[in-house]
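In our numbering, the protein residues as written are 24 to 573.
Structure, rendered in structure tokens:
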């Protein structure tokens, strides 16, 4: 079988104007970027506000292996399957970051015959949204340092600058740097660091804003530093929110593309779920809901991260909850959680899937399991997973979307439709952000989502917790920055660890995004490259044909 990129290159895409027309968009409401991708204009987004919303379907997963379990592939395949059933459907996904694309995990445009195209563009620079976020983030960083250099009227304490620069690449040497070396004209010497762009608060603000005006308001609220008396300094004090929004004027518009089967897809925003909130933009999801009857979206990594943040951070802003949750699992990952490669390992590792089923059911939304089938999976293994799900009262479907596209998810699509129209979910948030203390929110997440039993705070975290309470920021939801590979903060705690202690290292207020980030264990906001990065396998010929991208 051809590779992902060969399948994508052999595909015949429809002109993006045809995809827009099928969605119900007028020709003047899209801004084409070539023949196969476009942005929806501000005018188009405004017109859609009078349209009713469709049904929302959330795809999540078990704790993955480093290679990922095909959650995006299943999301795309499910959307194509609904399209095959003659439903008016759209898919909403996050934009891939160059970090994992050039690193270990590869791109995020699906795989096999369940892909969004143009796959090469989507996985590389696409429409430039992430570069705009990088520029906006670093404009703010430059203005902070320039303000101090030019007299420091605001009294910024250079030891308490919390705004970091960013770059959309895995680059471990930038985690901790020293700035301003050389002559006084180069600025003052201070310690700093870089985050990967997808962890920037600018990305979070993009994904949680409904329009440019709200984006500017959120920018103004962002905290960048503190004075010596520990009073916060915000973007509004620097007066640069207007310039920041100017750089984001095109990036805020959702990107329209298509699948290999010509199902329309909006790809917009790309925060990681292990170090950010893991959901595509509210603007794109809202637009898709108003353009279609069914929207299939995903949340990053496992349900303990992406799906929890979707429910507790995105849903309150979007104003609509999913009507069904699809949990993606693979035999490979379940064996990995069982620490082996045989049937006994599968029997041990199935506990990870059971855990995620139970936690997602706590939100009052029906759960369906999709087993993303690999060639080596046996009927005995697949039957075991199906029977386990059945014992929990949950339906399970083997999907073969990588090999068959939408045809490989027809039974899953039919079940999802049945759940939407007959299950009658009663969505229940896990906690009330405004009425629950930070300690109780953490206790709830640790016990109800992760399966732990206690929390340990570092001295730094305890001091930051006091400041957060003193400033009245403790009524915000929490964005947990934790390893994606395990339910605890130890990536080696595979399966379903119990009664563990979660270690809170640091609290970071993100008032523009509207949440408090909790750095847990050894999680890093700037990843590193593996020993053999995917970038080493990539080539391009003189005609511009790419090889090695996946």
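Note that beta-carbon positions come from the ideal geometry of N, C-alpha and C, so glycine has one too.
Since this is a predicted model, take the numbers as computed values, not measurements.
Tell me whether the beta-carbon of residue i lies closer than 7 Å to the beta-carbon of residue j.
i: residue 335; j: residue 453; result: yes
i: residue 451; j: residue 508; result: no
i: residue 281; j: residue 42; result: yes
i: residue 342; j: residue 301; result: no
i: residue 134; j: residue 96; result: yes
i: residue 445; j: residue 435; result: no
i: residue 502; j: residue 540; result: yes
i: residue 27; j: residue 366; result: no
i: residue 127; j: residue 514; result: no
i: residue 145; j: residue 155; result: no
i: residue 472; j: residue 505; result: no
i: residue 163; j: residue 260; result: no
i: residue 188; j: residue 169; result: no
i: residue 522; j: residue 476; result: yes
i: residue 279; j: residue 61; result: yes
i: residue 158; j: residue 270; result: yes
i: residue 443; j: residue 346; result: yes
i: residue 277; j: residue 310; result: yes
i: residue 138; j: residue 307; result: no
i: residue 290; j: residue 40; result: no
I think residue i touches residue j, with their Cβ atoms under 8 Å apart; what is that distance to the nearest whole Å?
i: residue 354; j: residue 369; result: 6 Å
i: residue 352; j: residue 99; result: Actually they do not touch by this definition, with Cβ atoms about 17 Å apart.
i: residue 530; j: residue 487; result: 4 Å
i: residue 438; j: residue 460; result: Not really, about 40 Å apart at Cβ, beyond 8 Å.
i: residue 230; j: residue 304; result: 4 Å
i: residue 185; j: residue 248; result: 6 Å
i: residue 395; j: residue 92; result: 6 Å
i: residue 200; j: residue 215; result: 6 Å
i: residue 344; j: residue 388; result: 7 Å
Who pairs with residue i in a beta bridge, going by DSSP?
i: residue 480; result: 527
i: residue 281; result: 140 and 287
i: residue 199; result: In DSSP, residue 199 forms no bridge with anything.
i: residue 246; result: 257
i: residue 185; result: Note: residue 185 sits in no beta bridge, so no partner.
i: residue 54; result: 62
i: residue 113; result: 318
i: residue 532; result: 539
i: residue 302; result: 322
i: residue 218; result: 189
i: residue 81; result: 320 and 348
i: residue 562; result: 570
i: residue 134; result: 137
i: residue 383; result: DSSP output for residue 383 lists no bridge partner at all.
i: residue 213; result: 202
i: residue 421; result: 394
Could you tell me which of the options sits nearest to residue i, measuring between CA atoms?
i: residue 114; options: 383, 74 and 283; result: 283
i: residue 152; options: 182, 191, 205 and 164; result: 191
i: residue 518; options: 474, 140 and 566; result: 474
i: residue 287; options: 141, 294 and 325; result: 141
i: residue 398; options: 373, 380, 406 and 425; result: 425
i: residue 538; options: 44, 292 and 337; result: 337
i: residue 321; options: 340, 294 and 339; result: 294
i: residue 441; options: 59, 429 and 348; result: 348
i: residue 428; options: 233, 55, 407 and 285; result: 285
i: residue 211; options: 558, 179, 236 and 232; result: 179
i: residue 66; options: 59, 58, 48 and 76; result: 48
i: residue 101; options: 565, 467, 533 and 431; result: 431
i: residue 557; options: 533, 570, 566 and 546; result: 570
i: residue 112; options: 466, 46, 381 and 57; result: 46
i: residue 382; options: 325, 363 and 485; result: 325
i: residue 498; options: 535, 525 and 457; result: 457
i: residue 500; options: 53, 54, 564 and 464; result: 464
i: residue 33; options: 25, 40 and 39; result: 25
i: residue 362; options: 238, 516 and 423; result: 516
Can you check whether the C-beta of residue i is within less than 7 Å of a C-beta belonging to chain D?
i: residue 533; result: The structure shown contains no chain D; it holds only a single protein chain.
Inset, instruction - Decide if the segment 252-262 is in contact with the segment 205-224; the criterion is three or more beta carbon pairs, one per stretch, under 8 Å apart. - result: no
Legend entry - Stretch-stretch touch, CB-based, cutoff 8 Å, three pairs: the segment 309-319 with the segment 191-203: no
Inset, instruction - Would you check if there are 3 or more beta carbon pairs closer than 8 Å linking the segment 259-268 to the segment 237-247? - result: yes
Inset, instruction - Could you tell me whether the segment 480-494 touches the segment 373-388, using the rule of 3 or more Cβ pairs below 8 Å? - result: no
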